[in-house]
Amino acid sequence: MSLTFLALHLLLLFLSPSPATSTTFPGDIEALKSLKSAIDPASITPGSCLSTWSFAAGDPCDNLFAGDLFTCGLRCDLSVSSFLRVTDISLDPAAYSGALSAALFGLPYLQSFDVSDNLLHGPIPNPTSASSLRRLALSSNAFSGEIPLSIGSISSLEELFLDNNRLSGPIPPSIANLRNLKRLEVQSNKLSGDLPDLNGLSGLYFFDASDNALSGPIADKLPTSLVQVAMRNNKFDGVLDGEATVRRLGFLQVLDLSHNALSGPVPSQLFDHPSLEQLTLSFNGFTALNPPRWSGATTSRLIAVDLGHNRIDGWLPGFMAAMPRLTAVSLEYNRFTGLIPYQYALRAVAAAMVGGGGVPFQRLVLAGNYLYGPIPVLLMGLKQGGLISLGDNCLFRCPRYLFFCQGGRQKSLQVCKDFNPVIP
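Read left to right, the sequence shown gives residues -22 to -1, 1 to 402 (mature numbering (1 follows the signal peptide of the UniProt record, and there is no 0)).
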């Protein structure tokens, strides 16, 4: 055999296709198989992501988007020791039912896992070695049981979505160990108990624990980095501390604590907060307003304030008419009395305050109080546009043909005088 022929033969052997070999790490393949096997086969419909996961027909990472195999739900963006590793699992919302395999949390290079908007049920498995996981999204399923304590061991986690499930028990204190967490959503579950101390979450900017049965005081348990906080429809009680709860949250823009059992005065620090834009404290048991300094009101960034359905006494707060960006004021069903301030009427009809550059009130809801006297003349010519409601008060001559007098007749004179004898 000549040297030329031998060289050509070796070249052909090198270029010829070799038997198919796996390029996905075997342990990752087993985890993917475990995920699919834990899903009810009857819920895997044609055209869904899992329907294209055929392990007998080909290697997962090597066949991504190739023909009809592994067309979605999977990414392999990392190569380690000649093997491709699974980095992202994002199943489509295809009404998959079944349980969640614990093997998934053993994928060491998995960065994102999302099975939101399906019908998965049972407990959340204990995370084991998910050392690279940054995003865990289990939203809108039917997971039950308690949030596992070991979830606090996923130190790389940045986003945690457990909302809209059937989880019960407390929020585990171990969550405070997630130093890299930026977003935490546990709303719409059956969680109970006190709010744990979350001050360890120094990068958390969004927290939603609404629609649960959490209780106790809020105090200083929230991290100072928060921008948006929603904890409505729980059983939080006690006084809202202006310094410990409000002033220290210097980046706060949205605060919703409605539908709880908070009491005492609404702290002044909420009204002159340097960044707060939306404040919702309706359906609580607040009994008073602590006004801010006038200079604080004029520099307020508040756009919307909702204090409706409390037990707040006194005159309507004049300082709100001095807030230049405020467009929505909801003070309905409290115990306010006295005349409607002229400044309120001016803000409802004009594009600027006297001596200032305030925007008009697009929403002014004062129904269900004990306001008396005549309707401010400025309001009488107001055309229907924004939402203004003065019904169910003690106003003199508030005919229902005026759109802002609709929504409830004025209280009887006897009821008004029983509440405030000075009402004429």
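Note that beta-carbon positions come from the ideal geometry of N, C-alpha and C, so glycine has one too.
Note on geometry: alpha-carbon atoms of Ala72 and Ser21 lie some 8 Å from one another. DSSP lists no bridge partner for Asp141.
Annotation: Ser21 is outside any beta strand (DSSP E) and is labelled neither H nor E by DSSP.
Counting of Cβ neighbours within 10 angstroms places Tyr379 among the exposed residues, the total staying below 16. Take the alpha-carbon of Arg387 and the one of Phe381: they are about 12 Å apart. A distance below 7 Å separates the beta carbons of Asn312 and Asn288. Of all C-beta pairs linking the region 224 to 233 to the region 249 to 257, three or more are shorter than 8 Å, placing the two stretches in contact. The three-state secondary structure of Ser273, taken from DSSP, is helix. In this structure, Val205 lies near Phe229, with their beta-carbon atoms less than 7 Å apart. Met298 and Arg113 have their C-alpha atoms spaced approximately 41 Å apart. In the three-state reduction of the DSSP assignment, Ser128 falls in the helix class. Taking the C-beta atoms as reference points, Asp291 is found no nearer than 7 Å to Ser308.
DSSP places Phe91 in the uninterrupted beta strand (DSSP E) bounded by 90 to 92.
For Asp234, no alpha helix (DSSP H) encloses it; the enclosing beta strand (DSSP E) starts and ends at 232 to 234. By the Cβ rule, the region 114 to 125 does not count as touching the region 24 to 37, because fewer than three pairs are nearer than 8 Å. Secondary structure note for Leu357: it is in no beta strand (DSSP E), and the uninterrupted alpha helix (DSSP H) holding it is 355 to 358.
Beta-bridge pairing by DSSP links Ala282 to Gln256, Ala306. For Glu8, no beta strand (DSSP E) segment is defined; the enclosing uninterrupted segment is the alpha helix (DSSP H) at 4 to 15.
For Cys372, the enclosing beta strand (DSSP E) begins and ends at 372 to 374. Within the same chain, Asp141, Asn142, Asp186, Ala187, Ser188, Asp189, Asn190, Ala208 come within 8 Å of Gln165 by CB-CB distance, once the 5 residues on both sides are set aside. DSSP places Tyr350 inside the beta strand (DSSP E), whose first and last residues are 348 to 352. Comparing C-alpha distances from Asp396 to each of Pro377, Leu182, Cys372, Cys376 shows the shortest one belongs to Cys372. DSSP places Ile67 within a strand segment (E or B) once states are collapsed to three. Inclusion of Pro126 and Ile149 in the CB contact set at 7 Å is not warranted, their separation being larger than that value. Counting only residues of its own chain and dropping the five nearest sequence neighbours on each side, Ile17 has a CB closer than 6 Å to the CB of Tyr74, Gly76. Each residue's CA atom was taken as its position, placing Ala81 and Gly286 some 49 Å apart. Distance between Ala282 and Ser367, taken at the CA atoms: about 16 Å. Phe184 sits in a strand when the DSSP states are folded into three classes.
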